[in-house]
Amino acid sequence: MKFSQYFLPTLKEVPSDAVIPSHILMVRAGMIRQLTAGVYSYLPLGLRVFKKIEKIVREEMDAIGGSEFYLPALSPNELWAETGRLEDYGDDIFRIKNRELVLAPTHEEVFTSIAKPNLISYKNLPQIWYQIQTKFRNEPRPRGGVLRGRQFTMKDAYSFDATWEGLDESYNKNAQAYRNIFTRCGLKFFTVTAFSGAMGGSESEEFMVEAEAGEDTVVISSDNKYSSNLEVAVSFSENIGRKNSGLEIEEFHTPNIKSIEELAGFLKITDKSRLAKSRLFVIPAKSEGKKDEYLLALVCGDDEFSETKLAKIFAGIRPGHPEELFDIAGAEAGSIGPVNLKNKTVKIIADLKLKDADELISGACKNDYHIKNIDLKRDVVGIEYFDIRTVKDGEETVDRSSKLRMTKAIEVGHIFKLGTRYAEALGAKYLDVNGKDNVIIMGSYGIGIERIAAAYIEQNHDKDGIIWSGEISPFDIHLISVNKKSDNIKAEAEKIYNELITAGYEVLFDDRDDISPGVKFKDADLIGVPVQVVVSDKNMKNGEIEIKERRTGDRYRIQISDFNQKIKEIIGNINKN
RNA sequence: CGGGGUGUGGCUCAGCCCGGUUAGAGCGCCUGGUUCGGGACCAGGAGGCCGGAGGUUCGAAUCCUCUCACCCCGACCA
Numbered sequence: 178m179k180f181s182q183y184f185l186p187t188l189k190e191v192p193s194d195a196v197i198p199s200h201i202l203m204v205r206a207g208m209i210r211q212l213t214a215g216v217y218s219y220l221p222l223g224l225r226v227f228k229k230i231e232k233i234v235r236e237e238m239d240a241i242g243g244s245e246f247y248l249p250a251l252s253p254n255e256l257w258a259e260t261g262r263l264e265d266y267g268d269d270i271f272r273i274k275n276r277e278l279v280l281a282p283t284h285e286e287v288f289t290s291i292a293k294p295n296l297i298s299y300k301n302l303p304q305i306w307y308q309i310q311t312k313f314r315n316e317p318r319p320r321g322g323v324l325r326g327r328q329f330t331m332k333d334a335y336s337f338d339a340t341w342e343g344l345d346e347s348y349n350k351n352a353q354a355y356r357n358i359f360t361r362c363g364l365k366f367f368t369v370t371a372f373s374g375a376m377g378g379s380e381s382e383e384f385m386v387e388a389e390a391g392e393d394t395v396v397i398s399s400d401n402k403y404s405s406n407l408e409v410a411v412s413f414s415e416n417i418g419r420k421n422s423g424l425e426i427e428e429f430h431t432p433n434i435k436s437i438e439e440l441a442g443f444l445k446i447t448d449k450s451r452l453a454k455s456r457l458f459v460i461p462a463k464s465e466g467k468k469d470e471y472l473l474a475l476v477c478g479d480d481e482f483s484e485t486k487l488a489k490i491f492a493g494i495r496p497g498h499p500e501e502l503f504d505i506a507g508a509e510a511g512s513i514g515p516v517n518l519k520n521k522t523v524k525i526i527a528d529l530k531l532k533d534a535d536e537l538i539s540g541a542c543k544n545d546y547h548i549k550n551i552d553l554k555r556d557v558v559g560i561e562y563f564d565i566r567t568v569k570d571g572e573e574t575v576d577r578s579s580k581l582r583m584t585k586a587i588e589v590g591h592i593f594k595l596g597t598r599y600a601e602a603l604g605a606k607y608l609d610v611n612g613k614d615n616v617i618i619m620g621s622y623g624i625g626i627e628r629i630a631a632a633y634i635e636q637n638h639d640k641d642g643i644i645w646s647g648e649i650s651p652f653d654i655h656l657i658s659v660n661k662k663s664d665n666i667k668a669e670a671e672k673i674y675n676e677l678i679t680a681g682y683e684v685l686f687d688d689r690d691d692i693s694p695g696v697k698f699k700d701a702d703l704i705g706v707p708v709q710v711v712v713s714d715k716n717m718k719n720g721e722i723e724i725k726e727r728r729t730g731d732r733y734r735i736q737i738s739d740f741n742q743k744i745k746e747i748i749g750n751i752n753k754n
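Sequential numbering from 178 applies to the first sequence in the working numbering.
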């Protein structure tokens, strides 16, 4: 590709609305331009990269027996209402104003609607179906350039199986395909379990790329054996134990003390573990006529609640509203505790660290008062214990073999075992060997195409620009002709260009006239093609061509006669790493 | 949705507080010339309804009201 004919608008300055490296560089390198919030135009260079990623995805999906589809983005409201997701998605789904249609954010329903009349016998199963298609999500706040957009390209795949063992197999195949895809894309990635075991059979894994710009917080053990989303992460945590001094509970005045910090300050103590932090939650009634249930949860004062863990134990749980608190506890937030609750039906649970602990201090359920010497074993009948705390940076793994660290990550892929939810709702059934009806068992597997590119750039850039390598690089070679208006350098470069093309390389040839060499070099570093080849008067005089590796900055002067051999070696080495 | 911020040539921004020539700079662009290995130089030139609407005023980029868009932090989501 000749630069002079290609539309590749590079920018010298940082665009004012970009903040994270990948966004800045994708705009500066002429890959994308923003049209409106969360919506981007893909320019030729960007499209080239995205298509390379799609090619890898296709090859790996095909390799596990996937069949490629292309489904509509428009779909009828009705279909979404059938699975209840029209409501579930709420404002996050784009709706068409003058038709009863939505712009699909994902395709479980549509794929299942095709499966239903066609996958009707166990003989039709299993199937892995996929597509690479534009998705629409009305993100309340798009951010990070192409990392979180309102319109983006997703590879979504769905598996259909007759048995749960079959689902495991399909799931594992997809997981392997994902590992292959991300490896080929040059990403350093890891997986985290997105659901804890509490959900039973339903497994789910996220494929993560560590990056400062990531939106997820994850914990990884230093030996890389354990990784998890912070929300559900577990660590070794020691029970704070009993003191067994047998002291009676005692109320004391704590004027205007609301937080654990304030309480610790008031009591002039630094160890907050025995200051039990209480929070009231509401578990909404599951059916008409039933009442909402209330839950008081306790963690150590130096810990935080994991609402995700709570939600996994108590479906539908939500924090109590300030107005509700007084009714239930008899006090406002900051003075609530497990003893003397106004409403006696409140269920009380505590974190495992507090199991059977005594001499605790907590709210007295009376504004501006706390109680000390609380003994959970003695004073709180029927208390139950669960893991409901959030892991902290630097803690040990459960088996104490390694330390945990916290980091930010970008989710580039997510796979999960759906089970029968969609097939059930839409009535997708098959007949088994015995002629009996069964609901099809599904899995769902997604990959964000643009996110892969953005994640790659987050991991591979320097102050000068992007550093591509391997299969997703837009070109193999960036050929630069350092030519004056009236010399034969450009003709020499053109000759080399044609030879490289013939040899099968994808070459970006900066053939622009009247552009000073510095501009060409800066553009080349910004665009980041792994190998730069410089043809100039200076080198040609000695019968040499220069090769520069983008990542290392290493330069080699090569005799023209050795050039073909040498370039092959260098490219080979780069792709190996 | 809550909080904060920004809209001024293609890009990055100054000017706004404290209203008053013809609205500026750098980069980019066009013409001519000189340059030619890390974002060159000289000379000349084009390009703006100062986001939009209303208001205050003799006079508004500047003050007031409303509105739209975009960005950031949070909430939400995957």
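Glycine included, every Cβ here is placed at the ideal spot set by N, Cα and C.
{"Query": "Buried or exposed for residue 353, please, with buried defined as at least 16 other CB atoms from any protein chain shown within 10 angstroms of its CB.", "Result": "exposed"}
{"Query": "Give the DSSP-derived three-state secondary structure of residue 374 in the structure shown.", "Result": "Below a pLDDT of 50, predicted positions are generally treated as unreliable, and residue 374, at 38, falls in that range; the measurement from the model is reported next regardless. Residue state, collapsed to three classes: helix."}
{"Query": "If you draw a straight line from the alpha carbon of residue 585 to that of residue 394, how long is it in whole angstroms?", "Result": "5 Å"}
{"Query": "Between the Cα of residue 704 and the Cα atoms of 185, 615 and 181, which residue gives the shortest distance?", "Result": "185"}
{"Query": "Below 7 Å CB to CB, which residues in the same chain sit around residue 599 once its five sequence neighbours on both sides are set aside?", "Result": "260, 285, 286, 289 and 619"}
{"Query": "Return the residue from the list 713, 336, 561 and 331 that minimises the CA-CA distance to residue 291.", "Result": "336"}
{"Query": "Buried or exposed: residue 237, going by 16 or more other Cβ atoms within 10 Å of its Cβ?", "Result": "buried"}
{"Query": "What separation, rounded to the nearest whole angstrom, lies between the Cα atoms of residue 325 and residue 215?", "Result": "7 Å"}
{"Query": "Going by DSSP, which residues form a beta bridge with residue 338?", "Result": "618"}
{"Query": "So, for residue 476: in the same chain, excluding its five sequence neighbours on each side, which residues have a beta-carbon less than 8 Å away from its beta-carbon?", "Result": "453, 454, 482, 527, 528, 530, 531, 565 and 566"}
{"Query": "Roughly how many angstroms lie between the CA atoms of residue 192 and residue 385, to the nearest whole one?", "Result": "27 Å"}
{"Query": "The alpha helix (DSSP H) spanning residue 237 covers which residue range?", "Result": "221-240"}
{"Query": "Look at residue 256 and residue 617 and say whether their C-beta atoms are less than 8 Å apart.", "Result": "no"}
{"Query": "Would residue 738 be called buried (16 or more neighbouring beta carbons within 10 Å of its own) or exposed?", "Result": "exposed"}
{"Query": "Which term fits residue 200, buried or exposed, when burial requires 16 or more other beta carbons within 10 angstroms of its beta carbon?", "Result": "buried"}
{"Query": "Since residue 652 and residue 677 should fall inside the 8 Å C-beta cutoff, what is the C-beta to C-beta distance between them, to a whole number of angstroms?", "Result": "Wrong, their Cβ atoms sit about 10 Å apart, outside the cutoff."}
{"Query": "How would you write the range of the alpha helix (DSSP H) that residue 202 sits in, first residue to last?", "Result": "198-205"}
{"Query": "Please name the residue, chosen from 497, 282, 254 and 348, that lies closest to residue 275 on a Cα-to-Cα basis.", "Result": "254"}
{"Query": "Taking all protein chains shown into account, do 16 or more other C-beta atoms lie within 10 angstroms of the C-beta of residue 457, making it buried, or fewer, making it exposed?", "Result": "buried"}
{"Query": "Going by other Cβ atoms of all chains shown within 10 Å of its Cβ, with 16 needed for buried, is residue 213 buried or exposed?", "Result": "exposed"}
{"Query": "Is it buried or exposed, residue 405, if we count other Cβ atoms within 10 angstroms and call 16 or more buried?", "Result": "buried"}
{"Query": "Within the chosen definition, does the region 358-365 reach the region 634-653 through at least 3 CB pairs nearer than 8 Å?", "Result": "yes"}
{"Query": "Where does residue 699 fall in DSSP's three states?", "Result": "helix"}
{"Query": "Quickly, what does DSSP pair residue 406 with across the bridge? List them, please.", "Result": "395"}
{"Query": "Following the continuous beta strand (DSSP E) through residue 583, name the residue where it begins and the one where it ends.", "Result": "581-596"}
{"Query": "Under 8 Å between the Cβ atoms of residue 339 and residue 614?", "Result": "no"}
{"Query": "Does the Cβ-Cβ distance between residue 423 and residue 449 come in under 8 Å?", "Result": "no"}
{"Query": "When we look at the beta-carbon of residue 555 and count the other beta-carbons within 10 Å, is it buried (16 or more) or exposed?", "Result": "exposed"}
{"Query": "Roughly how far, in whole angstroms, is the beta-carbon of residue 460 from the beta-carbon of residue 494, given that I think they are within contact range, below 8 Å?", "Result": "5 Å"}
{"Query": "Comparing alpha-carbon positions, which option in 719, 708, 659 and 298 lies nearest residue 683?", "Result": "708"}
{"Query": "From the DSSP output, in three-state form, read off residue 441 for me.", "Result": "helix"}
{"Query": "Could you please give the first and the last residue of the uninterrupted beta strand (DSSP E) stretch that includes residue 546?", "Result": "546-551"}
{"Query": "Is the separation between the beta-carbon of residue 347 and that of residue 303 shorter than 8 Å?", "Result": "yes"}
{"Query": "To the nearest angstrom, how far is it from the Cα of residue 392 to the Cα of residue 717?", "Result": "50 Å"}
{"Query": "Report the three-state DSSP secondary structure of residue 753 (helix, strand or coil).", "Result": "helix"}
{"Query": "For residue 388 versus residue 627, is the C-beta spacing smaller than 8 Å?", "Result": "no"}
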